[in-house]
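Residue numbers (the numbering used here): 2 to 83.
Here it is as structure tokens:
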């Protein structure tokens, strides 16, 4: 979460909370340091605000780089038996 915040251009949780006004500084700090579990709803909000995939926020445990959200639709192919 700290990496996603920093990549979004916010040096601290206070900077992010002040600029975004949609998040509480203390809640963000608790999410960042692991004192409060991150819900799917919170991950979706942070993902939208920080421009990363909410799944990365929820499931990245190996320190991999934050995955940016793609705003382009992905093609879908389906094999249909004839």
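C-beta: ideal position from N, C-alpha, C; glycine also.
I'd like to know whether the C-beta atoms of residue 26 and residue 18 end up nearer to each other than 8 Å. Yes. Within cutoff.
Beta carbon of residue 44, beta carbon of residue 29: below 8 Å? no
Given this structure, state the Cα-to-Cα distance separating residue 1 from residue 82, to the nearest angstrom. Absent from the structure is residue 1, since the part of the chain shown begins at 2 and ends at 83.
Find out if the Cβ-Cβ distance for the pair residue 2, residue 23 is shorter than 8 Å. no
Between the alpha carbons of residue 71 and residue 46, how many angstroms are there, rounded? Confidence is the limiting factor: at residue 71 the pLDDT is only 49, short of 50, which leaves the residue's position unreliable and the question unanswerable from this model.
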